[in-house]
Amino acid sequence: MKNVLILAAVAALVSGTAQAASEVEAIENATVQPAQVRSGSNGINFFNIEGSANGNFASYGVARFDVTAIKAGFDAVYGVGGWVVDSVALQLTQSNAGFTNDGLVDVYFTDDDSVTLAGGSTALLHPFAGDFPDAQKILGYAFQETATGDTNSYQLFDRAGINTSGGNALAADLLGDNMVTLALVDVDASVAATYAGYNNNTYAGPTLFIEAAPVPEPETLVLLGAGLAGLAALRRKR
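In numbering that gives the first Met the number 0, the protein residues as written are 0 to 237.
Quick look at the structure:
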């Protein structure tokens, strides 16, 4: 029982005080096809990830977020440098069509916040390989068509969990600058994951949900060490 109490106290110390949470919708998104970034209103109203079996319509998606206001809000709550990223989730809203099809998709973080996502650009071209040399995979997921307007949420980072290198890079980037760029890439040749884009008239485009927590005070770290030492002592007595 004492072990449980010590572990609970340690967990409370690590988690810190109340979290602050905020969300931000993408300011840009691109559907990157073999010939160019998809142009016209459909290029920004929708956000598609389609495998190679879709021919000229094959695509991967790129979404860009401005987190300036979110970071300013966290600074106001905790002070500049007084918070850490606690969790990050990506929410996508299905906007389905006749060609929508289930399949696997990978999510990548890239630090390239400057490459243009403008419709008609050839700076990025499907397939994904080589377009973002620094890209780090965060996770993979299985897209499953349900109904237009349904939302799907994916955990990209959890400070209390085990994260990929891409997830850790994303969290570091949120602390380091004010822009975040993610790429969603087709894995299955037949996949056609179809979502609302940032300019959609009905549904929200790609959206990041970010939680922050206060940086543990030095006193907290001392107490944490004492708690772990106490747990070790109890184990030795046994």
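Where is the CB? At the ideal position from N, CA and C, for every residue including glycine.
Integer Cβ distance of residue i from residue j, believed to fall under 8 Å
| i | j | result |
| --- | --- | --- |
| S86 | D157 | 5 Å |
| Q143 | D101 | 5 Å |
| R63 | L116 | 6 Å |
| I209 | A68 | At roughly 11 Å, the Cβ-Cβ gap does not stay under 8 Å, so I209 and A68 are not in contact. |
| E24 | A203 | 6 Å |
| G139 | D105 | 5 Å |
| I48 | A195 | Between A195 and I48 the Cβ distance is about 13 Å, and since that is not below 8 Å, they are no contact. |
DSSP state of residue i mapped onto helix, strand, coil
| i | result |
| --- | --- |
| L220 | Model confidence at L220 stands at a pLDDT of 47, short of 50, so the residue's coordinates are unreliable and nothing is read from them. |
| Y140 | strand |
| N177 | coil |
| N151 | strand |
| F56 | helix |
| S164 | helix |
| V76 | helix |
| T201 | coil |
| D172 | helix |
| S51 | helix |
| Q18 | coil |
| S113 | coil |
| A146 | coil |
| A88 | strand |
| L124 | coil |
Nearest to residue i (by Cα), restricted to the options the options
| i | options | result |
| --- | --- | --- |
| V184 | F64, Q35, S58 and P215 | S58 |
| G166 | P132, L181 and A128 | L181 |
| A168 | G160, A159 and V179 | V179 |
| T201 | A34, Q18 and Q93 | Q93 |
| N35 | F46, E27, S120 and V61 | Reading off the sequence shown, one finds Gln at residue 35, where the question assumed Asn. When each option's Cα is compared against that of Q35, the closest is S120. |
| G42 | N95, N28, P33 and S51 | N28 |
| G129 | Y107, L138, A141 and G118 | Y107 |
| T163 | Q18, Q135, N177 and A146 | Q135 |
| V214 | E49, G148 and G78 | G78 |
| H125 | F56, G39, D149 and S40 | F56 |
| G50 | V66, T30 and G39 | T30 |
| Q154 | L207, Y194 and A17 | L207 |
| F46 | K70, G160 and L91 | L91 |
| L174 | A17, V61 and D74 | D74 |
| D65 | I137, S189 and P205 | P205 |
| S40 | K70, A212, A211 and Y197 | Y197 |
| P33 | A122, A192, V190 and I137 | A122 |
| A159 | A211, G72, I48 and T99 | A211 |
| G97 | V84, T147 and N44 | T147 |
| T145 | D176, T99, A88 and Q18 | T99 |
| A170 | L89, V76, N53 and N44 | L89 |
Residue interval of the alpha helix (DSSP H) (run including residue i)
| i | result |
| --- | --- |
| G42 | S40 to N44 |
In DSSP terms, what residue i is bridged to
| i | result |
| --- | --- |
| Y194 | F46 and Q93 |
| G118 | Beta-bridge pairing links G118 to no other residue. |
| N28 | A62 |
| I69 | I69 pairs with nothing; no bridge assigned. |
| A182 | V61 and Y107 |
| Q35 | Looking at the DSSP assignment, Q35 forms no beta bridge with any residue, so it has no partner. |
| G102 | F142 |
For residue i, the first and last residue of its enclosing beta strand (DSSP E)
| i | result |
| --- | --- |
| A159 | Per DSSP, A159 belongs to no beta strand (DSSP E) and is neither H nor E. |
| L213 | Going by the sequence as given, residue 213 is Pro instead of Leu. Its beta strand (DSSP E) spans residues T206 to P213. |
CB contact below 9 Å: residue i versus chain C
| i | result |
| --- | --- |
| A128 | Given the protein chain composition of this structure (a single chain), no chain C is represented. |
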